[in-house]
Amino acid sequence: MTAVTVRVPAKVNLQLAVGPVRGDGYHDLVNVFHAVALFDEVTVREARPRAERPLVGLSVSGDLGPHLARVPLDDTNLAARAARLVARETPAAAPVDLHLHKRIPVAGGMAGGSADAAGALVACNTFWSAGLSQGDLLALAAELGSDVAFPLVGGTAVGTGRGEVLTPVDSPGRYHWVFALAEGGLSTPDVFAEYDRLRPGAPAPEGDPELMAALAAGDAARLGAALSNDLEPAAVSLRPDLAGVLDTGRAAGALGALVSGSGPTCAFLAASAAGAVEIAAVLDASGRCAATVTTEGHAGRAEVVAPVAGR
Ligand code: ATP
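Following UniProt numbering, the numbering of the sequence shown begins with 1 at its first residue and continues without gaps.
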């Protein structure tokens, strides 16, 4: 086996309800994950011969401009950590080079690092013929972080606990999204800290029955009205410019708008593909965001796209 490529989706949270901080420093969440068709690609191949061959070599590419430089290339990279976890379960694992082709914004609230980690779990499991089950991969994902399990499931799913206990949601709808990407990123821990400051003693998080009914009906207008993110006030407090981005997309006809996860990316639900293009054009012309992406949800889970050339 010479190479395996896995395509793995970004996410937006349709609802993010945040409870008080727990004893272990995490927050209890109700987190409705929705995969969108904006994909990173994770490729694993046999390591090139060189003087020192680490178990996992790492490189990165993509059109994210200066954002790309913020992807760590050392042991802290979540995808490299994921590869090493698979190797831990695979004693005969030979050294590999891991390549990340990134389209998901870095530190943008779309769980790009978690997506890469999930992609690396699937790619390494295939490359090393590690034989890990979906349940095994979900357990390794939970070790890596709260958002890593979801891309292994894809579609739309409710996460509880710190977000990692997933229940898939059956939804017939196809939704049209616009994402407004920001200059710079926001640190997820900083946004949670600001949330705790703004909202001490938050109540236990609860799911929203209206959102679930909208999803069950595949009704985009209802879904747009029900989108919610408890982290939004904290993200806007740290990045006041986001309020203008949200207002601009709403005025351009979005059915709903919210900060994606911990931000600073903003997400807009459109009534149609043409509507999404129009909203993106208005956002681009406003000069309030760095770039826009139009895409659809929900997308599928992390999957192998380029099998395996020769042996
Ligand atoms: P989330 O939505 O899960 O809070 P995010 O989308 O805001 O995450 P990421 O793109 O996952 O943010 O990056 C957060 C930080 O994680 C980055 O600033 C970077 O230092 C680190 N990181 C580790 N591995 C990766 C990776 N493979 N890609 C991007 N960032 C990574």
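A virtual CB, placed ideally from N, CA and C, is assigned to each residue, including glycine.
Here the structure is a predicted model, which is why all the values come from computation and not from measurement.
For this session: Return yes when at least one heavy atom of the ligand ATP lies under 8 Å from the C-beta of V106, else no.
Result: yes
Exercise. Exposed or buried, which one is G224 when buried takes at least 16 other CB atoms within 10 Å?
Worked result: buried
Exercise. By a C-beta neighbour count over all protein chains shown, 10 Å radius and 16 as the cutoff for buried, is Q134 buried or exposed?
Worked result: exposed
For this session: Can you check the segment 111-165 for any beta strand (DSSP E) of at least 3 residues that lies completely inside it and give the ranges in chain order?
Result: 156-160
Exercise. Which residues bound the alpha helix (DSSP H) around P189?
Worked result: T188 to L198
For this session: May I ask you to report which of helix, strand or coil DSSP gives S59?
Result: strand
For this session: Could you tell me the distance, in whole angstroms, from the CA atom of A226 to the CA atom of G161?
Result: 22 Å
Exercise. Within 8 Å: the Cβ of V110 and any heavy atom of the ligand ATP?
Worked result: Checking the displayed sequence, the identity of residue 110 turns out to be Met instead of Val. Yes, the Cβ of M110 comes within 8 Å of a heavy atom of the ligand ATP.
For this session: State the DSSP-derived secondary structure class of D230, mapped to helix, strand or coil.
Result: coil
For this session: Provide the residue span of the alpha helix (DSSP H) that contains A285, from first to last.
Result: A273 to S286
Exercise. From which residue to which residue does the beta strand (DSSP E) around L14 run?
Worked result: A3 to V21
Exercise. On the three-state DSSP scale, how would you describe G244?
Worked result: helix
Exercise. Is the segment 169-183 close to the segment 118-128, with three or more CB pairs under 8 Å?
Worked result: no
Problem set entry | Three-state class that DSSP yields for R53 in the structure shown | coil
Exercise. Is the segment 193-200 in contact with the segment 148-155, if contact means three or more CB pairs nearer than 8 Å?
Worked result: no
Exercise. The ligand ATP heavy atoms versus the CB of T76: any closer than 8 Å?
Worked result: yes
For this session: Mark A276 as exposed unless 16 or more other C-beta atoms lie within 10 angstroms of its C-beta, in which case mark it buried.
Result: buried
Exercise. Residue range of the beta strand (DSSP E) that residue 315 falls in?
Worked result: Here the chain comprises residues numbered 1 to 311, so residue 315 is not present and cannot be evaluated.
Exercise. Using DSSP with H/G/I as helix, E/B as strand and the rest coil, what is E296?
Worked result: strand
Exercise. Any heavy atom of the ligand ATP closer than 8 Å to the Cβ of V36?
Worked result: no
For this session: Specify, as a first and last residue, the run of the beta strand (DSSP E) that A257 falls within.
Result: G256 to V259
For this session: Rounded to whole angstroms, what's the CA-CA distance from L166 to G109? Just pull it up for me.
Result: 19 Å
For this session: Leaving aside the five residues before and after A17 along the sequence, list all residues of the same chain whose C-beta is less than 8 Å from its C-beta, in chain order.
Result: L29, V30, N31, P205, E206, G207, D208, S228 and D230
Exercise. Where do the ends of the beta strand (DSSP E) carrying L181 lie?
Worked result: Y175 to L181
Problem set entry | For E46, the nearest candidate out of A93, A79 and V71 (CA to CA) | A93
Problem set entry | Among A220, R22 and D147, nearest to V8 - alpha-carbon criterion | D147
Exercise. Are A182 and D247 closer than 9 Å when you measure CB to CB?
Worked result: no
Exercise. Ordered along the chain, which non-local residues of its own chain (more than five positions away) have a Cβ less than 7 Å from that of R53?
Worked result: A47 and P95
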